[in-house]
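As structure tokens, the structure follows; a few thoughts come after it.
2 protein chains.
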Amino acid sequence: MDNTETKIIDAARRVFVAKGLDGARMQEIADEAGINKALLHYYFRSKQKLFDAIFEEAFQQFIPTMGATIASGKNPQEIITIFIDAYFRVLEQNPFLPQFVIGELNRDPSRLATFMAEKIGLTSLVDKAMSLFQNEGFNLKNPQQFMISLISMIIFPFVAKPILHHIIFKGDQLLVDQFFAERKSYVTTSALQLLASSLNENN
Amino acid sequence: MDNTETKIIDAARRVFVAKGLDGARMQEIADEAGINKALLHYYFRSKQKLFDAIFEEAFQQFIPTMGATIASGKNPQEIITIFIDAYFRVLEQNPFLPQFVIGELNRDPSRLATFMAEKIGLTSLVDKAMSLFQNEGFNLKNPQQFMISLISMIIFPFVAKPILHHIIFKGDQLLVDQFFAERKSYVTTSALQLLASSLNENN
DNA sequence: GTCTATATGCAGATAGAC
DNA sequence: GTCTATCTGCATATAGAC
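Keeping their order, the protein sequence lines are chains A and B.
Taken in order, the first sequence gives residues 421 to 623; the numbers are from the working numbering.
Taken in order, the second sequence gives residues 421 to 623; the numbers are from the working numbering.
So this is what it looks like as structure tokens:
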């Protein structure tokens, strides 16, 4: 599709993700889309409504297809592997998504409340994921702590990329690329080790 | 101290940390400080300069006292424990600092380049921290991967607090508080387990 | 140092021609 | 649907009195 609305969405996504709601300029979005400001307001009545469309789309992508993963009905180790793989696939193609979603949710947490009202299915999916680690011999004392550690290890490097780039890797882009290339397998190994350790400790 | 400059700094910190550079309003900062806008410009020539002062201060706090930790000269396990403890102490008193610093660094990564030019000591401290895990029998293949996993597990929950609050814990503030209360010891245990696992694997 | 009043510029939004 | 021109309001910043 190459119609005007699509061009606007694409341009708005780029600008909003890069600069946030407050930092974005309608003029810049218009320029990126190759149109003028008035047309933006013709398609989306206001900056806020345009932003809402972009944010909703981003939020959907960011909360991964946890359902499909769980529905696959494998054991916890396999599910973890699949989950990490699916998440990295999304992040590698949208490396700036996490900072965008998380940043805007921090600016306006009330947004989440309304979102949650619509997506009641989401929380029950999370519950299912948690309960996985309390079945089949994985009687984790703290499934939430484990799950959040896992998500932290996956997402945080994408959010903190500028810090990695400049402080850890001193501006060496090759080292940064290498780090992200190896990250998925490292996180998978770590997660499985943590799971195994908790077994040994009879948690 | 209760002079005007201090009042401005305190007010600016609150507003900038909550709303970011673009979202903050000089009027709101003035109101918070109990003065008027003109006085802000009298003390700090522009919004940008006021922001720079706040950001620099925040950045200093956010990059923890890694030096002191390392200088303590203990073994890796002890250093990890001390490091985690020090970091949590900072974060518990400044829970919104990470999102502020990381968010602004993503909006304007060039900021870091100039910062790094000044703080040359910082990168060498990071190097020292890394080399720790390649000595004393901890010949980790990927000290960076380990270090970043550790930092991820510490910081990310603070950044993603709105998501934890609404999606994982369904708005139950008590569960959120309990999670953060237990987080430090959970991360410490996890980090030591990962270190031990890498030993067993002869990495 | 601190205030009120004002200048200046810019961004979001609209009017109206084509 | 798409454009140019314009309105409106607001935010940063300054002028100048006290």
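Glycine is no exception: its CB is placed at the ideal position from the N, C-alpha and C atoms.
Reduced DSSP secondary structure (H/G/I, E/B, other) of residue i
i, result
"residue 485 of chain B", "coil"
"residue 500 of chain A", "helix"
"residue 582 of chain A", "helix"
"residue 605 of chain B", "helix"
"residue 466 of chain B", "coil"
"residue 439 of chain B", "helix"
"residue 493 of chain B", "coil"
"residue 523 of chain B", "helix"
"residue 531 of chain A", "helix"
"residue 427 of chain B", "helix"
"residue 454 of chain A", "coil"
"residue 444 of chain A", "coil"
"residue 422 of chain A", "coil"
"residue 589 of chain A", "coil"
"residue 518 of chain B", "helix"
Proximal residues to residue i (C-beta, below 7 angstroms), its chain only, five neighbours per side dropped
i, result
"residue 460 of chain B", "428, 446, 449, 450, 470"
"residue 501 of chain A", "608"
"residue 397 of chain A", "Residue 397 of chain A is absent from the structure shown; chain A starts at 421 and stops at 623."
"residue 566 of chain A", "553, 560, 614"
"residue 433 of chain B", "474"
"residue 408 of chain A", "Residue 408 of chain A is absent from the structure shown; chain A starts at 421 and stops at 623."
"residue 482 of chain B", "517, 518, 521"
Of the listed residues the options, nearest to residue i (C-alpha basis)
i, options, result
"residue 568 of chain A", "B/563, B/565, B/587", "B/587"
"residue 600 of chain A", "B/564, B/542, B/609, B/494", "B/564"
"residue 475 of chain B", "B/496, B/517, B/545, B/611", "B/517"
"residue 529 of chain B", "A/466, A/434, A/591", "A/591"
"residue 584 of chain B", "A/423, A/547, A/619", "A/547"
"residue 619 of chain B", "B/572, B/512, B/496", "B/496"
"residue 463 of chain B", "B/527, B/493, B/572, B/426", "B/426"
"residue 453 of chain A", "A/430, A/440, A/472", "A/430"
"residue 439 of chain A", "A/472, A/523, A/466", "A/523"
Cutoff 7 angstroms: residue i Cβ touching any chain A Cβ
i, result
"residue 561 of chain B", "no"
"residue 526 of chain B", "yes"
"residue 543 of chain B", "yes"
"residue 507 of chain B", "no"
"residue 446 of chain B", "no"
"residue 417 of chain B", "Residue numbering for chain B in the displayed model covers 421 to 623; residue 417 of chain B lies beyond these limits and cannot be assessed."
"residue 617 of chain B", "yes"
"residue 442 of chain B", "yes"
"residue 470 of chain B", "no"
"residue 496 of chain B", "no"
"residue 586 of chain B", "yes"
"residue 554 of chain B", "no"
"residue 582 of chain B", "yes"
"residue 568 of chain B", "yes"
"residue 594 of chain B", "no"
"residue 532 of chain B", "yes"
"residue 513 of chain B", "no"
"residue 466 of chain B", "no"
Spatial neighbours of residue i in its chain, beta-carbon cut-off 6 angstroms, leaving aside the 5 residues before and after
i, result
"residue 508 of chain A", "604"
"residue 456 of chain A", "450"
"residue 614 of chain B", "none"
"residue 579 of chain A", "518, 519"
"residue 611 of chain A", "500, 570"
"residue 589 of chain A", "595, 596"
"residue 437 of chain B", "516, 520"
Closer than 7 angstroms to chain B by CB, residue i
i, result
"residue 623 of chain A", "Bear in mind that a pLDDT of 43 at residue 623 of chain A, under 50, signals an unreliable position, so the model cannot answer this."
"residue 480 of chain A", "no"
"residue 590 of chain A", "yes"
"residue 523 of chain A", "yes"
"residue 610 of chain A", "yes"
"residue 529 of chain A", "yes"
"residue 362 of chain A", "The structure shown does not extend to residue 362 of chain A, since chain A is modelled only from 421 through 623, so no value can be given for it."
"residue 613 of chain A", "yes"
"residue 551 of chain A", "no"
"residue 598 of chain A", "no"
"residue 492 of chain A", "no"
"residue 572 of chain A", "yes"
Close Cβ partners of residue i (< 8 angstroms) along its chain, the five nearest in sequence each way excluded
i, result
"residue 479 of chain A", "521, 535"
"residue 525 of chain B", "531, 532"
"residue 543 of chain B", "536"
"residue 577 of chain B", "584, 599, 600, 603"
"residue 511 of chain A", "517, 518, 574, 575, 578"
Any non-hydrogen atom of the ligand NAD closer than 6 angstroms to residue i Cβ
i, result
"residue 496 of chain B", "By its list of ligands, the structure shown contains no ligand whatsoever, and the ligand NAD lies outside what it can speak to."
Problem - Inside the segment 547-580 of chain B only - beta strand (DSSP E) runs reaching at least 3 residues - result: Fully enclosed beta strand (DSSP E) runs of 3 or longer: not present.
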